[in-house]
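J.: After the structure tokens below, expect a handful of questions from me.
2 protein chains.
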Amino acid sequence: MDQVEIFKALSNKTRLQILGWLKAPELHFPEQPNADFENVGVCVGQIQLKSGLSQSTISEYLSILQRADLISSTRLGQWTYYKRNKEGLEKLSEIINTEL
Amino acid sequence: MDQVEIFKALSNKTRLQILGWLKAPELHFPEQPNADFENVGVCVGQIQLKSGLSQSTISEYLSILQRADLISSTRLGQWTYYKRNKEGLEKLSEIINTEL
DNA sequence: TTGGTATATCGGGAAAAGTCGATATACATT
DNA sequence: AATGTATATCGACTTTTCCCGATATACCAA
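First to last, the protein sequences are chains A and B.
The numbering of the first sequence is my numbering, which starts it at 1 and goes up by one.
The numbering of the second sequence is my numbering, which starts it at 1 and goes up by one.
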């Protein structure tokens, strides 16, 4: 993954917010039936609702974050759940501490 | 400083390279008369030369990095020297570790 | 004060990102 | 099979970023 793409993914207020929400889903989203936050994350619809942006925009934003390895997804039935990707974020932290 | 602006500043290959060069100027730039790397940094002309981009572009890039608190500048005679801003980079690292 | 060098700012054209509504796809339920 | 719901993709339009050359400003030297 190109470093520039990681920073581009983070260069947007809504995408930064999404990462913040996913860091503590229980604080930012209502209870979910059939899928716990820790294991699978939060479904697209909830994220969209909270963001106030259109469904298509949020879907694209999530895939940008995913391409940057900052989040990961799981499909369960008709829902796609996204959660933080700890490894990707640790790698980012390392880039900043060692290369910049 | 807005977090988004920090990440935007980092969303460009050349600007990332500049930060990398400024992390270890002695490895990336020739000796400078009258100004040592540790205290004042590297002058715009040297950075431009190494980047291969135009003078105006590099001048703008440096000011983008400076507005994001990632570098700082010192004017000495007709030269402006830029160096890494440790504090800003530490703050960035903290943002990533605590908010994302 | 005239000219030379270093850097900053301005104006612009091309490319990329932001964001939407419409449509497609995937899955579930009846 | 038909319909409904969740998400992804497409096409378009607007705004922002990239990067340049030209020009302005600041400082220095003769």
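Just so it is clear, CB atoms sit at the ideal spot from N, CA and C, and this is done for glycine as well.
Treat the numbers as computed from the prediction; the structure is a model and nothing was measured.
Quick check on the burial criterion: 16 or more other C-beta atoms within 10 angstroms. Buried or exposed for A:N85?
T.: Taking the first residue of the first sequence as position 1, residue 85 of chain A is located at position 85. With 16 or more Cβ atoms within 10 Å of its Cβ, A:N85 is classed as buried.
J.: A:T57 to A:I64, Cα distance in whole Å?
T.: Position 57 of the first sequence, counted from the first residue, corresponds to residue 57 of chain A. Position 64 of the first sequence, counted from the first residue, corresponds to residue 64 of chain A. Each residue's Cα considered, the two are about 11 Å apart.
J.: For A:G77, go through chain B and note every residue whose CB falls closer than 7 Å to its CB, in chain order.
T.: Translated into positions along the first sequence, residue 77 of chain A becomes position 77. Neighbours of A:G77 on chain B: none; closest Cβ ~29 Å, over 7 Å.
J.: Under DSSP, the beta strand (DSSP E) around B:S72 begins and ends at which residues?
T.: On the second sequence, position 72 is the one that residue 72 of chain B refers to. Where B:S72 is concerned, the enclosing beta strand (DSSP E) stretches over 71-76.
J.: List, in chain order, every chain A residue whose beta-carbon is nearer than 7 Å to that of B:N12.
T.: Position 12 of the second sequence, counted from the start, is the residue given in the question as residue 12 of chain B. Simply V4.
J.: Looking only at its own chain, which residues have a Cβ that is under 7 Å from the Cβ of B:L10, when we skip the five neighbours before and after it?
T.: Locating residue 10 of chain B in the second sequence gives position 10, where the first residue counts as 1. Correct list, in chain order: L16.
J.: Taking any Cβ of chain A, which residues in the region 15-31 of chain B have a Cβ under 7 Å from it, in chain order?
T.: L16, L19, G20, K23
J.: Got a sec, what are the start and stop residues for the alpha helix (DSSP H) B:G45 sits in?
T.: Here residue 45 of chain B is taken as the residue at index 45 of the second sequence, counted from 1. Unbroken alpha helix (DSSP H) run through B:G45: 44-51.
J.: Look at the alpha carbon of B:E87 and the alpha carbon of A:I6, and state the distance between them as a whole number of angstroms.
T.: Mapped onto the second sequence, residue 87 of chain B falls at position 87. Mapped onto the first sequence, residue 6 of chain A falls at position 6. Spanning the two alpha carbons is a distance of roughly 22 Å.
J.: Can you have a look at A:K13 and say buried or exposed, based on whether 16 or more other CB atoms are within 10 angstroms of its CB?
T.: By 1-based counting over the first sequence, the position of residue 13 of chain A is 13. Label assigned to A:K13: exposed.
J.: How many Å lie between B:I96 and B:D69 at the Cα?
T.: Residue numbering aside, residue 96 of chain B sits at position 96 when the second sequence is read from its first letter. Residue numbering aside, residue 69 of chain B sits at position 69 when the second sequence is read from its first letter. Taking the straight line from one Cα to the other gives about 16 Å.
J.: Can you pull the chain A neighbours of B:N34, defined as C-beta to C-beta under 9 Å?
T.: Your numbering for residue 34 of chain B matches position 34 in the second sequence. Going along chain A, no residue has its Cβ under 9 Å from B:N34, so there is no contact; the nearest lies around 27 Å.
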